[in-house]
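S.K.:
Protein chains: 2
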Amino acid sequence: MGTRSEGKKEETLNEPIISLSSRKDENFEEWYSEVVVNGEMIEYYDIPGCYVMRPWAISIWEIMKEFFYAEIKKMKIKNCYFPLLVSADFLHKEKDHIKGFAPEVAWVTRSGESELKLPIAIRPTSESVMYPYFSKWIRGHRDLPLQFNQWCNVVRWESRKPTPFIRSCEFLWQEGHTAFATKEEADNEVLDILELYRRIYEEFLAVPVIKGKKTENHKFAGSLYTNTVEAFIPNSGHGLQGATSNCLGQHFARTFEINFENEKGESVNVWQNSWAYTTRTLGLMVMVHGDDKGLVLPPKVASLQAIVIPNVSSFSTNFQAIFDECEAIVKNLTEAGIRADFDLRDNYSYEWKNSHWEMKGVPLRIGIGLEDLANKKVRAVRRDNFEEIDIPMANLVEQVRNLLDHIQQNLFEVAKQKRDSCIRVVHSWEEFDEALNQKKLIFAPWCDDEAVEKDVTNRTNNDAKSLCSPLDQPPIPEGTLCFASGKPATKWTYWGKSF
Amino acid sequence: MGTRSEGKKEETLNEPIISLSSRKDENFEEWYSEVVVNGEMIEYYDIPGCYVMRPWAISIWEIMKEFFYAEIKKMKIKNCYFPLLVSADFLHKEKDHIKGFAPEVAWVTRSGESELKLPIAIRPTSESVMYPYFSKWIRGHRDLPLQFNQWCNVVRWESRKPTPFIRSCEFLWQEGHTAFATKEEADNEVLDILELYRRIYEEFLAVPVIKGKKTENHKFAGSLYTNTVEAFIPNSGHGLQGATSNCLGQHFARTFEINFENEKGESVNVWQNSWAYTTRTLGLMVMVHGDDKGLVLPPKVASLQAIVIPNVSSFSTNFQAIFDECEAIVKNLTEAGIRADFDLRDNYSYEWKNSHWEMKGVPLRIGIGLEDLANKKVRAVRRDNFEEIDIPMANLVEQVRNLLDHIQQNLFEVAKQKRDSCIRVVHSWEEFDEALNQKKLIFAPWCDDEAVEKDVTNRTNNDAKSLCSPLDQPPIPEGTLCFASGKPATKWTYWGKSF
């Protein structure tokens, strides 16, 4: 790749074309496992729930990170790094919080051959690691806001079945932890960050999400409230939490004694937020856009936006002119800021290469053969809709750039259309039950009662759960009743299958 | 910072000025602990050997990372991410290698309340995590070179006394892992990476290093040879390994069965390298440049290169004009690409602010008072040599840029001069012993015998060890004898106190 291999013409081109054995519509889970492996994003590992993230995946992660990091820098948020390991004392300080994580915590009890005096946890999240220092650093109102972020790994030992990117024992994330003098500032930041998460999903990954609020049952352990960007997978009927922005209120501040002297000279608790997005983003992108040919990458996050493939074999006598043209095309595209490369490998056929880059989801494949060369054109194939377009060499850069924009746009629109077509408004338990069985994204008026939500989950044998109450609430006409309890409804809420 | 606080004029300015209680020349270890804490790089943590890295430290790490990452991208090296956790089976596969790390490995034995069936290690390094996949991915000569890098954390439970950045239980690093068809390619890459490490130290951190080769006793466990950039701390007389670039030879390839079919159709082992630099870089920078006033940051890595401080208090009636000028100066500097900020806090005095930013090591402090304003100038103070310079406002940007360049250059030159003045060439045991007691960086002809090196360490009660044999070897005149064994010398080698 990106280099020429001198033709060893005697070699065979019989490398078998790799295809997926499962269909996305028929067997979603198997399809997903196959596509992340064959698309070269993931390798399975000998510890369940741990995965190898290959460069094809990490490059996408890094593109999102660059965007997000630049945005939070504008908000004056600073990067730091707190330890991976946390003592039981620290971890157990906040009871509600640790209760949420306790079953998932990995404990280190030995170093070399020696037993540790006390077991030490691997961070499942860093609230209890960081907040003792917040208490130390914050004294007066001028120390506020304190806005920190770190990029790191966390470990949560899941008992549920692991799924690459989506539910794993270790994952990468950013975690933001901030403290403010007033609730208003904290509330505003929760929304600012939520908007960045929406942009990551919608503008970069082309995955439509709903901005909403989690119910009391599903909010972050120890938080005042949890805002979320919620995605939906039409093929499986699952709602998936995309990222959360939590207002912690003053709860942790009381526990960790994070106080400041306000302008009146009184010592008061700070208001805190925490917010995170994880490598789950990558899994959602694959689930939403992938098809039976493999990955489909949105151009904005693809480390390779266009792959140029010579439509001749190196057996043919005229291959050199085509190879030169491939290199010239890539040079042109690269200089115009398009991420492009060529595939001049001589031991793979044109068909094999097309299928290979299709599996890896490259947004645009550009083929060029002897006839194309004569006609001063190339043949482009869009990964999103398989459309083939002849492009005159004269305005190649401009048209490639346009095509990439269209692919990005189209992926989002198609995904949104699919998601929206799954939305079913229900008013009664019967309608709810039917919609759930049809794998719909259910939208229902609800009484906002914790017990009723638990009851819904019980009545569906843990099959259903609330996803979020959208921030943008439609009006609730006088007399509207909760679909589940029959009590007066107070908010519209999304429900779906529980992943 | 960077925002104005509206003057609460009744407040006192009695905040005590923080100074160091230890002197670098008198009590180096205490001085170092104080300076990393008071300079706001580090906070101590309740688990020994773990430290909180504050934004002031992480921002330096990120500047180096940006440079290094751009350089290895040019070499076609790709980022990936392998798991934190590794099974005992994987870890123990390579005997020589694990023997080097076994006493330092942290073991997870419990998740939540459940005992794991088999203990799982936290990576001390990732050779045994990655190489089973190298074996899978590499089949033919066209799969080579395979060049991966990851940015991550590793854990090594040190029995020796921990020191922030320098020797810690968890640290951040990049680890590169590459495979080649030939030894020649591997050898070349070892040197290319070593040159990048030299540039990080010399061009960015202004820390002089010696490029050399480790002895057999000190090479990376399981490697063929280890190249190093070696730094020296004049105040303590310690040599410190700055970063290593290892050629692993074919040793791991045999163990992990990493083979490729060469052009003759034979299955042969690949040649491998691994290389890493860590957050130790930050500690070395502090140790070399810091002084009794606190940190001294080289401009190229300082997240804040110039701090602008109004030389009026907000009690005075004319402060507004000065405050406005401070903001204008920062705007000018920032637009010219200089990392600048102002400190308009009204609850700290001019003296306090000067001392504060001096402690934090900001390369240039720019003060401006009413008289300065009238004379259209500012007063700059260099952190490296305390020189005060009046700069006419008219060519502020140009002069600030020049000053920053000079500071960077001067820090390196002063550090190199200090280091060089510690070098002592010795030819006999008596000279060696004397130089060691004087904390010198000892340069001696040596017989390159492992047993002799162990003997040197024993004879000095573990006080001395070899640092490296410089790649650039002076000639060894006929008849030159080893300083320790009296046998014929074969190479020049640096020795020093063992940290």
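Chains as they are written, first to last, in the numbering used here: chain R, 544 to 1042; chain B, 544 to 1042. Ideal Cβ positions, reconstructed from N, Cα and C, are used throughout, including at glycine.
By how many angstroms is the C-alpha of Asp889 (chain B) removed from the C-alpha of Gly550 (chain B)?
M.R.: Only weak support exists for where Gly550 (chain B) lies, its pLDDT of 40 falling under 50; the value from the coordinates is given anyway. For Gly550 (chain B) and Asp889 (chain B), the distance between alpha carbons rounds to 6 Å.
S.K.: At 3 residues or longer, and completely inside the stretch 834-903 of chain B: list those beta strand (DSSP E) runs for me, N to C.
M.R.: Entirely contained in the stretch 834-903 of chain B, the beta strand (DSSP E) runs reaching 3 residues are, in chain order, 849-853, 883-885.
S.K.: Touching or not, the stretch 908-925 of chain R and the stretch 840-858 of chain R, by the rule of three or more beta carbon pairs under 8 Å?
M.R.: The stretch 908-925 of chain R, when compared against the stretch 840-858 of chain R, does touch it at the 8 Å Cβ threshold.
S.K.: When you check each C-beta in the stretch 995-1009 of chain B against every C-beta of chain R, which residues fall closer than 9 Å?
M.R.: The stretch 995-1009 of chain B vs chain R, Cβ under 9 Å: nothing.
S.K.: Rounded to whole angstroms, what's the CA-CA distance from Gly719 (chain R) to Asn816 (chain R)? Just pull it up for me.
M.R.: Gly719 (chain R) and Asn816 (chain R): Cα-Cα distance of roughly 8 Å.
S.K.: Using a Cβ-Cβ distance under 8 Å, would Tyr624 (chain B) count as near chain R?
M.R.: Answer yes: the Cβ-Cβ gap between Tyr624 (chain B) and chain R drops below 8 Å somewhere.
S.K.: Where does Glu931 (chain R) sit, in a helix, a strand or coil, going by DSSP?
M.R.: In this structure, Glu931 (chain R) counts as strand in the three-state DSSP scheme.
S.K.: Does DSSP put Ile620 (chain B) in a helix, in a strand, or in coil?
M.R.: Correct three-state label for Ile620 (chain B): coil.
S.K.: Report the three-state DSSP secondary structure of Ser565 (chain R) (helix, strand or coil).
M.R.: Three-state result, Ser565 (chain R): coil.
S.K.: Count the other C-beta atoms from every protein chain shown that fall within 10 angstroms of the C-beta of Lys1040 (chain R), then say buried if there are 16 or more, exposed otherwise.
M.R.: Under this definition Lys1040 (chain R) is a buried residue.
S.K.: What does DSSP give as the partner residues of Thr822 (chain R) in its beta bridges?
M.R.: DSSP output for Thr822 (chain R) lists no bridge partner at all.
S.K.: Quick check on the burial criterion: 16 or more other C-beta atoms within 10 angstroms. Buried or exposed for Ser671 (chain R)?
M.R.: Buried is the call here.
S.K.: Pull up the distance between the alpha-carbon of Thr1003 (chain B) and that of Glu973 (chain B), whole angstroms please.
M.R.: For Thr1003 (chain B) and Glu973 (chain B), the distance between alpha carbons rounds to 12 Å.
S.K.: Using 8 Å for Cβ pairs, my map puts Phe723 (chain R) next to Trp814 (chain R). What's the rounded Cβ distance?
M.R.: So it is a contact: roughly 5 Å between Cβ atoms.
S.K.: Quick check on the DSSP output: what are the complete beta strand (DSSP E) runs of length 3 or more inside the stretch 574-630 of chain B, in order along the chain?
M.R.: Correct list: 585-587, 594-596, 628-630.
S.K.: Tell me whether Ile561 (chain B) is buried or exposed, calling it buried when 16 or more other Cβ atoms sit within 10 Å of its Cβ.
M.R.: That one is exposed.
S.K.: Which of the three DSSP states is assigned to Pro646 (chain R) in this structure?
M.R.: Helix, per DSSP.
S.K.: Hey, would you say Val487 (chain R) sits closer than 8 Å to Ala1027 (chain R), going by beta carbons?
M.R.: There is no way to answer for residue 487 (chain R), as the model of chain R reaches only from 544 to 1042.
S.K.: For Asn731 (chain B), would you say it is in contact with chain R, using Cβ-to-Cβ distances shorter than 8 Å as the test?
M.R.: With 8 Å as the cut-off, Asn731 (chain B) does not count as an interface residue toward chain R.
S.K.: So, Phe747 (chain R) versus Met607 (chain R), is the Cβ gap smaller than 8 Å?
M.R.: Yes; because the gap between Cβ atoms is below 8 Å, this pair is in contact.
S.K.: Cβ closer than 7 Å: which chain R residues qualify as neighbours of Phe633 (chain B)?
M.R.: Going along chain R in sequence order, the residues near Phe633 (chain B) (Cβ under 7 Å) are Asp589.
S.K.: Select from B:Phe885, B:Thr1023, B:Ile865 the residue whose C-alpha is nearest the C-alpha of Lys874 (chain B).
M.R.: Selected option, being the one with the closest Cα: B:Phe885.
S.K.: Is there at least one Cβ from chain B nearer than 8 Å to Met596 (chain R)'s Cβ?
M.R.: It does: the Cβ of Met596 (chain R) has a partner Cβ on chain B nearer than 8 Å.
S.K.: Distance check for Ile615 (chain B) and Met544 (chain R), CA to CA, integer angstroms please.
M.R.: Model confidence at Met544 (chain R) stands at a pLDDT of 48, short of 50, so the residue's coordinates are unreliable; what they give is reported in the following sentence. Their backbone Cα atoms lie some 17 Å apart in a straight line.
S.K.: Applying the criterion that 16 or more other CB atoms from any shown protein chain within 10 Å of the CB defines a buried residue, is Ala774 (chain B) buried or exposed?
M.R.: Ala774 (chain B) comes out buried.
S.K.: Show which residues of chain R have a CB atom less than 7 Å away from the CB atom of Lys621 (chain B).
M.R.: Within chain R, the residues near Lys621 (chain B) are Pro598.
S.K.: Looking at the structure shown, is Val811 (chain B) part of a helix, part of a strand, or coil, going by DSSP?
M.R.: DSSP places Val811 (chain B) in strand when its eight states are reduced to three.
S.K.: If you measure beta-carbon to beta-carbon, which residues of the stretch 644-659 of chain B are closer than 8 Å to chain R?
M.R.: The stretch 644-659 of chain B vs chain R, Cβ under 8 Å: Ala645, Pro646, Glu647, Val648, Ala649, Trp650, Val651, Thr652, Arg653, Ser654, Gly655, Glu656.
S.K.: Which chain R residues sit within Cβ distance under 8 Å of Val698 (chain B)?
M.R.: Neighbours of Val698 (chain B) on chain R, chain order: Leu627, Leu628.
S.K.: In whole angstroms, give me the CA-to-CA distance for Arg823 (chain B) and Val578 (chain B).
M.R.: C-alpha separation (whole angstroms): 15 Å.
S.K.: Buried or exposed for Arg703 (chain R), going by 16 or more other Cβ atoms inside 10 Å?
M.R.: Arg703 (chain R) should be labelled exposed.
S.K.: Under 8 Å between C-beta atoms, does Arg685 (chain R) make it to chain B?
M.R.: Output row for Arg685 (chain R): interface = yes.
S.K.: Decide if Glu956 (chain B) is buried, meaning its Cβ has at least 16 other Cβ atoms within 10 Å, or exposed.
M.R.: Label assigned to Glu956 (chain B): exposed.
S.K.: Assuming Pro675 (chain R) and Phe799 (chain R) form a contact by the criterion Cβ under 8 Å, report the distance between their Cβ atoms to the nearest whole angstrom.
M.R.: Indeed, because the Cβ distance is near 6 Å, the residues count as touching under 8 Å.
S.K.: So which of R:Ser766, R:Asp589, R:Asn928, R:Lys807 has the shortest CA-CA distance to Leu947 (chain R)?
M.R.: The shortest Cα separation from Leu947 (chain R) among R:Ser766, R:Asp589, R:Asn928, R:Lys807 belongs to R:Asn928.
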